[in-house]
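Enquirer: If you read the sequence shown in UniProt numbering, its first letter stands for residue 1, the second for the next number, and so on.
Virtual Cβ for every residue (Gly too), placed ideally from N, Cα, C.
Let me begin by handing over the structure; questions about it come next.
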Amino acid sequence: MKKNYWWPSHIPDGSMRKLIMRMKLTSVLLCAGFLQLSAHGFSQEKISVDFNNVHISKLLSLIGKKSDYTFLYKTGALPDVRVSLRMENAAVTAILDKAFSGTNLNYRVMPNNLVVIVKGSEVVKTVPVKGIVKDKEGTPLIGVTVKVQGTSQGVTTNVKGEYELEVPENAVLEFSYIGYESRQMPIKGVQSFNVTLTANSSGLNEVVVVGYGTQKRVNLSGAVDNISGKALESRPITNVGTGLQGLIPNLNIGINNGRSSSAPSFNLRGYTSLSGGEPFILVDNIPFSADEVSRLNPADIESVTVLKDAASAAIYGARAAFGVVLITTKSAMDGRLTVSANTNYAVRTLGKVPDVVTDPLTTMQMKHDAATPLYNLYPDAVREYAAKRSKDPSLPAVITDPTNPNAYAYYGTTDWLHEVYNKSAPAFTGNFSVARGDEKLNYYLSGEYYQQDGMLRYNPDVYKRYNLRGKATYTFNDRIKLGTNTTYTTSSYDAPSTAMDYLFFHNANRTPSLSVPRNPDGTWTSDGAALLGRLQSGGRNTNNMNEFLASFNGELGIIKGIWKLKGEATFRRTNTTGKSFVLPVAYRTGPNQPLQYTDGNQSSAAFNSFGMKYTVYNLYSDFSKKFGKHELSALVGFNQEYFQGDGFTGSRNGLISTLYPTVQLATGTPKIGENFEDWAVRGVFYRLAYNYNDKYLLEVNGRRDGSSRFPMNNRWGTFPSASAAWVVSNENFVKPLATTIGMDFLKLRGSYGSLGDQTFNSYGYFETMNAGTLNTILDGNQPVAVFMPNPVTADYTWQNVRSVNMGVDMAFLKERLYVSFDHYTRFTEGMFVKGKTLPGVYGAESPKTNAADLKTRGGELSIMWRDHIAIGKDNLSYSVKIAVANSKTYITKYDNPVGNLSDYYVGQRLGEIWGLETEGFFQSEDEIKTHADQSKVGSDDQGYKWYVGDLKFRDLNNDGEISYGKNTVSDHGDKRIIGNNLPQLPYSIDLNSSFKGWDFRAFFQGIGKRDWYPGAGNHYFWGIYAQPWANVQVQNMDHWTPENPNGYFPRVKSYIAEDATELGAPQTRYLQNAAYLRLKNVTLGYTLPKSVTERLKIARLRFYLSAENIFTVSHLKADIDPEGLDGTVYPFQKTYSVGLNLNF
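In structure tokens:
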């Protein structure tokens, strides 16, 4: 259907009114017309009309419906005239001529099926424009989009780079092409434009934030990667950490549960150290923890840069041993006021959770068989009723126990996980920003509100977050500039107390499906009270966080454009409080039995608080000067950080009143605790960079740091680094070959550097003594005792991290194809571990010392293709980005001379899984008798005996028995390395496209290789094989029987997966492939055309539909989320949302 458009009538009279009317008419109405894929010649289309006494506006509307044209006219331009008209197979021009006869209306036929109708002599003037578009080498560019700025009116260049189109007077032409910087050219009476476009699609000329400054990507010599905030804006994320997952190769984001208040973990380039280690995160050059990053407003993010190698990160010193993540927030755009508002409404649905068998007879029989011969778990009389109820579900699920008249017997079909959690829950996000900049003052103000209702039933859990940010910079003159960056964040998580138990999800899965929530008299059952009753009325836990951060910065120009002095001072205050109370919940175990209570019928209240003060000061000066083909830059500075934290906890039993459940209104003995921590880092740093003719790049970085975490004699360390790069493509002798193979850019990079790591306890070099009460009673009291201190080595000092990096960056085919590859080796030396074993007469543990080393080797690859396809006069733009990485880590030094496999050993690849090789199941008694003796790996609950249907292991060393030998590298019995549990080959695939206002994105993320063994006691996987009172998991049904000799699990029996024997011991049969592919996000958006937004007096309005985590490919044999293999806290969720982005 075609529309008739109007424009406002409040335009001034006279020539100015005509000029403004023409410009607005052209820019607003042409844009709507050009949404069609192709144009048809006006005079070629013929239609038939039969109108009787219709208003002329109605006539135009009906013609628009019958034809392929849009009629554009100003409000009030159409006279109050009615027309009767009948014409068959007539040209639209003939119909209009007839209809307009006797009126003062004129019309002008515009390209692309537009007809502009005006009064009298008013017409829209157009002019023809033509020209050629070339690159900087003079080669014509094919397929360049040439259009009128702010509209869809345009063409694409032909094989000779030529274009020709008719445009309104005073229009501005926009030239855009994938791989090149866009250009805007005002016509101003000129009818021929030959335009040269500069290559830039791969971001080679993009300015990237680096340590205490910025650099062009093309001039980087270290391993640096970055993304713009647009990669986050295109999907509705609420947590910056989760939004970064998969976007940057080898920036590994870990998400271990689905609780809204949880913070993801950050890792860069694989395994770091035996004592742990994560990248140093800074937001606007202010250090942030991963938890603090999770509370940022994602809409504030302008860019994210990752410094991966030691050479790039060295300038940040003691806290940057394992890389740096630099997050930059938005600032005002010079010269204009921008206002934006974004809102999103989401519905989160329960993700993958373990699937249990709920049929009463099947469940009861499996449990009974598993417990035999240890227990007679369900006598025949009990199972007889289960058989009846399985056939007739209308029978009562609760009856008096046939074997005990004072107890209930339960025959339920309860799926407790779905009883505990809702199927869906809503979430809402709203944020705004206001920004403006001019010669003197630039400011950016933003705010965010986010609320996510949790998945819990019976009593909700709710997470709320508020963010406010204010940034301002005032320029006094061309030398002095002052600025501030202030944020206030508050968040709260309010949930039932029982849901805060880290085993809550585990307990819900473990609760027997045969049980039911309530008894026939309406009271809770024991299991119902433990889970649902405690959720509903067993108390609540509320955590609140308030954080205020103020940062002040200044800049003094010593020599204009060459030498600057900069300073920053940041002050952060954070206060966290938690309040909780627990109330007993009544339940009954049998008819006429007295009520019993959870939690030992003991109520309680608790309180905790933690206050943090943090300051950081930076003072640095940078110099940059170009001398012909030589460019020299230098930076030197000072940095100091100080942290102080003070916490308090208190709890008490015996609440007087449940109306005011506080510690003060309780009668029990108070339990009070307090903790205090402070630490400081101080350092000086430098950077010297040299660039010769954009071909040869050299950079030297270094830092001398002092940390309070070490004793005075070992407190300081010096850590230098260097990097170099060769832009091969800028060599004249390479250009002919590069042109032949379509190569636009080639840069080789290399770096080496060392950094000190201080990821230790703040007071680790002190010999501390713990105090506590003894279990003995003296004079009616438990005496207080002070225990032996842990000894500390005298040479307690820094961990040293060295890295070597080699990389290459390439661009091909007019920079439509971009490839980047890095290979690195990282040495972590002097790790703090236990020292040599000392004689027992020493009386204490061996002191820890810097006595272990490891080596991590890996690489990362990023490939991006961006292009467009001409469809009519529009372009379908699309891009594909693939990122993949890998790393392996080996122990190179460790004091384990015998190679005990229960400890680290030299040559060990971290993540190794040692296990037995499974041949299958014993199918006969003769097979058991003739097979190697397996008693040493049997279960004590089975008397170390083996039966038909049990597992059969391979005798790898042919000694006639299955054993672990001495459990050493040299004597490991029948064990071998069967897998590796560290994630390998993390990858992502990012697909983007846009066409005529529509945009589409599909983002896939996954792990290419990972092995996982469920381990002893994992009820999600083993079910009743761990314990007979655990649930029967769906996968347990595929087990060995005489009729099913090749089932997945062995014959049904319990306790063989509860400790490290039989199923609990790693083996090949149950080693799981934990690799996965997940559709992390899919988003479809539509941005209203300029013609509509101008009428609405807004700059941009985009609507979108989005979904997160909706599709996963996994090879696990159980319904376990591959991102939370051992999760016991909160299930993951899928998210479906709708939202809008509005800009003024």
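Can you grab the Cα-Cα spacing for the pair THR776 / THR797, in whole Å?
Expert: Position 776 of the sequence shown, counting from 1, holds the residue named residue 776. Position 797 of the sequence shown, counting from 1, holds the residue named residue 797. Rounded to the nearest angstrom, the two C-alpha atoms are 40 Å apart.
Enquirer: Just to confirm the assignment, what range does the alpha helix (DSSP H) spanning ILE56 have?
Expert: Numbered from 1 along the sequence shown, position 56 holds the residue referred to as residue 56. Residues 56-66.
Enquirer: What separation, rounded to the nearest whole angstrom, lies between the Cα atoms of LYS945 and PRO354?
Expert: Within the sequence shown, numbered from 1, the residue matching residue 945 stands at position 945. Within the sequence shown, numbered from 1, the residue matching residue 354 stands at position 354. Spanning the two alpha carbons is a distance of roughly 31 Å.
Enquirer: Where LEU247 and GLU860 are concerned, what is the direct C-alpha to C-alpha distance, given to the nearest angstrom?
Expert: Here residue 247 refers to the residue found at position 247 of the sequence shown. Here residue 860 refers to the residue found at position 860 of the sequence shown. If you take the alpha carbons of LEU247 and GLU860, they lie about 12 Å apart.
Enquirer: For VAL819 and ILE863, what's the separation of their Cα atoms in angstroms?
Expert: Along the sequence shown, one-based indexing puts residue 819 at 819. Along the sequence shown, one-based indexing puts residue 863 at 863. Roughly 5 Å separates the two Cα atoms.
Enquirer: Start and end of the beta strand (DSSP E) containing LEU755?
Expert: Here the question's residue 755 lines up with position 755 in the sequence shown. Segment 743-757, the beta strand (DSSP E) holding LEU755.
Enquirer: What is the DSSP secondary structure of PRO1014, reduced to helix, strand or coil?
Expert: Numbered from 1 along the sequence shown, position 1014 holds the residue referred to as residue 1014. Coil, per DSSP.
Enquirer: Consult DSSP for residue 1148 and reduce its assignment to one of helix, strand or coil.
Expert: Residue 1148 is absent from the structure shown; the chain starts at 1 and stops at 1144.
Enquirer: Just to confirm the assignment: which complete alpha helix (DSSP H) runs, minimum length 4, are found wholly within the stretch 491-521?
Expert: 504-510
Enquirer: If you draw a straight line from the alpha carbon of PHE34 to that of LEU60, how long is it in whole angstroms?
Expert: In the sequence shown, counting from the first residue as 1, residue 34 sits at position 34. In the sequence shown, counting from the first residue as 1, residue 60 sits at position 60. At PHE34, the pLDDT of 33 sits below 50, so the modelled position is not reliable; the number obtained from the coordinates is stated separately. Between PHE34 and LEU60, the C-alpha separation is close to 19 Å.
Enquirer: From SER762 to SER751, what does the alpha carbon distance come to, in whole angstroms?
Expert: As a working note, residue 762 is residue 762 in the sequence shown. As a working note, residue 751 is residue 751 in the sequence shown. Rounded to the nearest angstrom, the two C-alpha atoms are 32 Å apart.
Enquirer: Ordered along the chain, which non-local residues of its own chain (more than five positions away) have a Cβ less than 6 Å from that of LEU1088?
Expert: Looking up residue 1088 in the sequence shown gives position 1088. Excluding sequence neighbours, LEU1088 sits near LEU1101.
Enquirer: So, under 8 Å CB-CB, ALA397 and LEU361 are touching, yes? Tell me the CB distance rounded to an integer number of Å.
Expert: Position 397 of the sequence shown, counted from the first residue, corresponds to residue 397. Position 361 of the sequence shown, counted from the first residue, corresponds to residue 361. Not confirmed; about 13 Å, so no contact.
Enquirer: Please determine, among ILE989, GLY277, THR473, the residue with the shortest C-alpha to C-alpha distance to PRO249.
Expert: Translated into the one-based positions of the sequence shown, residue 249 becomes position 249. Checking every option, the nearest Cα to that of PRO249 belongs to ILE989.
Enquirer: Classify ILE768 as helix, strand or coil using the three-state DSSP reduction.
Expert: The residue you call residue 768 lines up with position 768 of the sequence shown. With the sequence shown as reference, residue 768 is identified as Thr, and Ile is not the correct amino acid for it. Here THR768 sits in coil by DSSP.
Enquirer: Checking 8 Å against the spacing of the C-beta atoms, do ASP694 and VAL734 come in under that value?
Expert: On the sequence shown, residue 694 is found 694 positions in, with the first residue counted as 1. On the sequence shown, residue 734 is found 734 positions in, with the first residue counted as 1. Contact: no.
Enquirer: Quick test of your reading: VAL129 and LEU85, contact by CB under 8 Å. State the CB separation rounded to the nearest angstrom.
Expert: Taking the first residue of the sequence shown as position 1, residue 129 is located at position 129. Taking the first residue of the sequence shown as position 1, residue 85 is located at position 85. 38 Å between Cβ atoms; not a contact.
Enquirer: What do you get for ARG588, buried or exposed, if any count of 16 or more other CB atoms within 10 angstroms of its CB means buried?
Expert: Within the sequence shown, the letter at position 588 stands for residue 588. Its Cβ being crowded by 16 or more others within 10 Å, ARG588 is buried.
Enquirer: Let me know the secondary structure DSSP gives LEU535 once reduced to three states.
Expert: Start at 1 with the first residue of the sequence shown, and residue 535 comes out as number 535. Residue state, collapsed to three classes: helix.
Enquirer: Hey, would you say ARG802 sits closer than 8 Å to PHE827, going by beta carbons?
Expert: Within the sequence shown, the letter at position 802 stands for residue 802. Within the sequence shown, the letter at position 827 stands for residue 827. It is a contact, given that the beta carbons lie within the stated cut-off.
Enquirer: Taking only the alpha-carbon atoms, compute the straight-line gap between TRP1040 and ARG1051 and give it to the nearest angstrom.
Expert: The residue labelled residue 1040 in the question sits at position 1040 within the sequence shown. The residue labelled residue 1051 in the question sits at position 1051 within the sequence shown. Roughly 5 Å between the two C-alpha positions.
Enquirer: Taking the straight line between their C-alpha atoms, what separation do you get for LYS564 and THR486?
Expert: Residue mapping note: residue 564 aligns to position 564 of the sequence shown, counting from 1. Residue mapping note: residue 486 aligns to position 486 of the sequence shown, counting from 1. Cα to Cα, the separation comes out at about 24 Å.
Enquirer: Of the residues TYR180, GLY143, GLN149, which one's Cα is nearest the Cα of TYR163?
Expert: As a working mapping, residue 163 is identified with position 163 in the sequence shown. The shortest C-alpha separation from TYR163 is found at GLY143.
Enquirer: So who's on the other strand from MET831, going by DSSP bridges?
Expert: As a first step, residue 831 must be located in the sequence shown, where it is residue number 831. As DSSP reads the structure, MET831 sits in a beta bridge with ALA852.
Enquirer: Could you check what DSSP says for ILE871 in three-state terms: helix, strand or coil?
Expert: Residue mapping note: residue 871 aligns to position 871 of the sequence shown, counting from 1. Here ILE871 sits in strand by DSSP.
Enquirer: In angstroms, rounded to a whole number, what distance separates the CA positions of ARG22 and GLY437?
Expert: The residue labelled residue 22 in the question sits at position 22 within the sequence shown. The residue labelled residue 437 in the question sits at position 437 within the sequence shown. In this prediction, ARG22 has a pLDDT of 40, which is less than 50 and means its spatial position is unreliable; what the coordinates show is noted afterwards. Spanning the two alpha carbons is a distance of roughly 31 Å.
Enquirer: Tell me which residues share the same chain as SER43 and place their Cβ nearer than 7 Å to its Cβ, disregarding the 5 neighbours each side in the sequence.
Expert: Taking the first residue of the sequence shown as position 1, residue 43 is located at position 43. Only weak support is given to the placement of SER43: the predicted model assigns it a pLDDT of 43, under 50, and the value that follows is read from those uncertain coordinates. Once the five neighbours on either side are set aside, the close Cβ partners of SER43 are ALA91, THR93.
Enquirer: Can you tell me the Cβ-Cβ gap for SER939 and ILE1056, rounded? I've got them flagged as a contact below 8 Å.
Expert: On the sequence shown, position 939 is the one that residue 939 refers to. On the sequence shown, position 1056 is the one that residue 1056 refers to. Contact flag correct, Cβ pair sits at about 5 Å.
Enquirer: My understanding is that SER879 touches ARG866, with C-beta atoms under 8 Å, so please give their C-beta distance in whole angstroms.
Expert: Along the sequence shown, one-based indexing puts residue 879 at 879. Along the sequence shown, one-based indexing puts residue 866 at 866. That belief holds up - the Cβ atoms of SER879 and ARG866 are roughly 4 Å apart, short of 8 Å.
Enquirer: Can you give the beta carbon distance from PRO496 to ARG457, rounded, assuming they're within the 8 Å contact cut?
Expert: For this step, residue 496 is matched to residue 496 along the sequence shown. For this step, residue 457 is matched to residue 457 along the sequence shown. In fact, because the Cβ distance is near 10 Å, the residues do not count as touching under 8 Å.
Enquirer: Enumerate in chain order the residues of its own chain whose CB-to-CB distance from ILE882 is below 6 Å, with the five nearest sequence positions on each side excluded.
Expert: To locate residue 882, count along the sequence shown from 1; it is residue 882. Contacts found: ILE863, ILE989.
Enquirer: I need the boundaries of the beta strand (DSSP E) containing LEU549, first residue and last residue.
Expert: Stepping through the sequence shown from its first residue, residue 549 is reached at position 549. Run containing LEU549: 540-559, per the beta strand (DSSP E) assignment.
Enquirer: Using only CA atoms, which one of LEU1142, ASN1143, VAL1138 lies nearest to ALA427?
Expert: Within the sequence shown, residue 427 is the residue found at index 427, counting from 1. Ranking LEU1142, ASN1143, VAL1138 by Cα distance to ALA427 puts VAL1138 first.
Enquirer: From which residue to which residue does the beta strand (DSSP E) around THR305 run?
Expert: Numbered from 1 along the sequence shown, position 305 holds the residue referred to as residue 305. Residues 301-307.
Enquirer: For TYR410, is the classification buried or exposed, using 16 other Cβ atoms within 10 angstroms of its Cβ as the cut-off for buried?
Expert: The residue given as residue 410 occupies position 410 in the sequence shown. Burial call: buried.
Enquirer: What residue range does the beta strand (DSSP E) around residue 1160 cover?
Expert: An answer regarding residue 1160 cannot be provided, because it is not within the stretch 1 to 1144 covered by the chain.
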